[in-house]
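Chains as they are written, first to last, in this note's numbering: chain B, 67 to 310; chain H, 805 to 1187. Built from N, CA and C at the ideal position, the CB exists for glycine as well.
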C-alpha cells in the first residue's frame, strides 16, 4: 500500500460495458453484506476533527418488474436521496467530522468539479469490478489497493477547505406487485425469485493526494431508503469501518 | 404438480390482465407538459436528466454557437410549440444517427449534419426525432417492454419453463415490431411538419436513399452501421416517404442548400476526417460522390478524395490520389496538407522532382507546420 500510480481511466465505451457488468457483480454478491478496502498509513491515527466534503450522493430508487427490469421512480429517489443526506450528516457528526456540502448550483469552477465526479464514478465502478469479482482481478492490482483520482482532485481542497471527499452511490429496488406475485408463483414451483435489492458503494478520497483511501461495498436484500430510519441503517452499513 | 401448475397459470392470467390494463392510451405530450414525479414517465425523465447532466460537460458535444443556432432554428421552424421543450446536443461522432430522449434531449451526430445536403434533409431528421418526443415513444416503448417481458416470464413459469425460449423470442419480436411501428409514425409526423414548414418533403426519402447507397458500397457490408441496427427496413421507409411526398404538390417548397453549406463549412473538414478514420473506404467514396453530385465539391472535398485513395492504396489508387490532389490544388481552396500528401504519393512513385516541389509548397503554405522538421528531413533524403 505504498504511494500510488494513478488509477487507469477506462475508455468511454469500455466504461458503459463495465457499468453493465458492475450491476451484475453487485447482484452476484447478494449474499455478502459489506466488504471494505483501506489503504493508508496516514489514517492509522484518526484525525481529531476532519473536514469531510460530501459529494452529491448518486442515489436511484426503482421498481422491479416481474421480469426483473428496473423502472426508475423519481419520487422515491427524491425521498431516498434526502434520507441518505440526513443520515450522512448525523453519522459523520457522530464521528466528530465537520461536514461540508458540495455546491450543486453550478457556480465557478463547477466544470472541473463535474469532471471529477465523472472520474470518480468511473474509478469507483472500476474498483467494484476488479476488486470484488475475483475472476476479473487485475494481475497488477491483485494484492494491493492503490486507486486514485489523480492530482486534479486536490482542486476540491481549496474552495471547500476540506481534508477528504466522500462519494456515495446507492441503488435500491422494490418488487412491483407483479414481481411479488411471481415470487409466490416461483415458491409454489420451487423456484427462487429475487425481490428488491439494495446495492451501493462509498469511497473516501484524500484531497491532499487524490488517493482513494477507503472503499466499501454494500449489498443487501433488505432495507428501504424511503424510510428515514432504514436509510440511516443502510448508510451506517455503508460507512462501516470508515477510517474517520 | 398438475394442480400447482393450474394455480400458477391462474395467477399468471390474473396478472396478465392487470398488467395490460396499465398500458392505457398514451396521448401525445402537450407543449410545456411535465410528468409527475410519481409516474413511470417521471422516472424515465429523471434518468435522462442525469444523462443530460453528463452530456453538458462532455467533450464530444460541439458547442459552437452558430452551428447550434442553425440546427435549433430548423427545429423551431418545424414546430414552434415544442421548440422550448427540446434541447439539441450535437455530438461529434462519425456515422449517421440521432436520438430523442423522453425529457426533450435530442442527440444529433455530426455524421448526420455532414451527410445532409441541405436544410430540408436535416429537417427531415429533426422532424422525425421531434415526432418521437411529441408522441411519447420512449414511454410507449418502455411500457411495451415491461408488459411483454412480464407476460413472457409468467408464461415461462406457467409452462414450467418448457416454452421459456419461445416466450422470450415472441417478446423480442413483439418489441421490435412495436419499434418499427413507432418509426413509421415518426416518419409520417416528421414529413407533415416538413411540408407545413415549406421544406421540400421529397428530401426525406433522398436521405434514406443516400444511406442505402452508402451501405451497399461498404467494405464490410455485413457489419451494419450503428444506424441500421436500430432502424430496420430502410428501403421500405424510403419508398413510403417518397410516396407520401408525391401525394402533394411540392412547388414552392425549399431545400435551403446555401445556408446549410455556409454554416457547416468550417466544420466539414474535421467531420470528413472522422469518417475517413472509420477506414471503410468504399462507403467513404460513395459519401464523397454524393456530396459532389449535390454540387458541394471544392478543394477540401477533393483533398479528402485524394486521402481516401492514398490510404486505401489498391491498384490504381496512387494515380487517382495524384489526380485528386492536383485538382484540389487547382481549385485554389485546398488545405495546405494537400501538398504534403501529394509529395508523399509522388515520392513513393519515384517522381522525386514532383515530390520535392509539393513538399516545398507545403512548407511555404504552412509556416507553422508541426511536422516541418520531418518534411525537411524528407527533402534532405531526396538529395
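What are the residues that DSSP puts in a beta bridge with residue i?
i, result
"residue 278(B)", "271(B)"
"residue 138(B)", "128(B)"
"residue 892(H)", "910(H)"
"residue 104(B)", "280(B)"
"residue 167(B)", "120(B)"
"residue 346(B)", "Chain B is shown from 67 up to 310; residue 346(B) falls before or after that span and cannot be answered."
"residue 865(H)", "895(H)"
"residue 1058(H)", "1003(H)"
Do residue j and residue i have their beta-carbon atoms positioned less than 8 Å apart in this structure?
i, j, result
"residue 132(B)", "residue 957(H)", "yes"
"residue 1151(H)", "residue 1140(H)", "no"
"residue 1057(H)", "residue 1002(H)", "yes"
"residue 1099(H)", "residue 1132(H)", "no"
"residue 273(B)", "residue 229(B)", "yes"
"residue 923(H)", "residue 1060(H)", "yes"
"residue 138(B)", "residue 148(B)", "no"
"residue 994(H)", "residue 915(H)", "no"
"residue 300(B)", "residue 264(B)", "yes"
"residue 150(B)", "residue 236(B)", "yes"
"residue 929(H)", "residue 894(H)", "no"
"residue 850(H)", "residue 192(B)", "no"
"residue 121(B)", "residue 232(B)", "yes"
"residue 885(H)", "residue 835(H)", "yes"
"residue 888(H)", "residue 935(H)", "no"
"residue 187(B)", "residue 238(B)", "no"
"residue 1021(H)", "residue 1086(H)", "yes"
How would you call residue i, buried or exposed, if buried means at least 16 neighbouring beta carbons within 10 angstroms?
i, result
"residue 969(H)", "exposed"
"residue 862(H)", "exposed"
"residue 847(H)", "buried"
"residue 102(B)", "buried"
"residue 1112(H)", "buried"
"residue 269(B)", "buried"
"residue 925(H)", "buried"
"residue 962(H)", "buried"
"residue 855(H)", "exposed"
"residue 1185(H)", "exposed"
"residue 1014(H)", "buried"
"residue 251(B)", "buried"
"residue 179(B)", "buried"
"residue 286(B)", "buried"
"residue 933(H)", "buried"
"residue 205(B)", "exposed"
Check whether chain B comes within 8 Å of residue i, counting only Cβ atoms and requiring the distance to be less than that.
i, result
"residue 1156(H)", "no"
"residue 1105(H)", "no"
"residue 889(H)", "no"
"residue 851(H)", "yes"
"residue 750(H)", "Not covered by the structure: residue 750(H). The range shown for chain H is 805 to 1187."
"residue 898(H)", "no"
"residue 991(H)", "no"
"residue 1146(H)", "no"
"residue 961(H)", "yes"
"residue 842(H)", "yes"
Taking residue i and residue j to be in contact with their CB atoms under 8 Å, please state how far apart those CB atoms are, rounded to whole angstroms.
i, j, result
"residue 166(B)", "residue 119(B)", "5 Å"
"residue 1106(H)", "residue 1138(H)", "7 Å"
"residue 1076(H)", "residue 918(H)", "7 Å"
"residue 1165(H)", "residue 1143(H)", "4 Å"
"residue 898(H)", "residue 1023(H)", "The pair is not a contact, with the Cβ atoms about 15 Å apart (cut-off 8 Å)."
"residue 248(B)", "residue 949(H)", "That pair is no contact at about 16 Å."
"residue 222(B)", "residue 182(B)", "7 Å"
"residue 902(H)", "residue 912(H)", "5 Å"
"residue 215(B)", "residue 185(B)", "6 Å"
Is there at least one Cβ from chain H nearer than 8 Å to residue i's Cβ?
i, result
"residue 294(B)", "no"
"residue 297(B)", "no"
"residue 125(B)", "no"
"residue 20(B)", "Coverage of chain B is limited to positions 67 through 310, which leaves residue 20(B) absent and any answer about it impossible."
"residue 191(B)", "no"
"residue 305(B)", "no"
"residue 300(B)", "no"
"residue 181(B)", "yes"
"residue 208(B)", "no"
"residue 138(B)", "yes"
"residue 135(B)", "yes"
"residue 184(B)", "yes"
"residue 308(B)", "no"
"residue 255(B)", "yes"
Is any beta-carbon of chain A found at less than 8 Å from that of residue i?
i, result
"residue 260(B)", "Considering every chain present, this structure includes no chain A. Its protein chains are B and H."
Using a threshold of 7 Å, is the CB atom of residue i nearer than that to any non-hydrogen atom of the ligand SAH?
i, result
"residue 911(H)", "Within the structure as shown, the ligand SAH is missing, as the structure has no ligands at all."
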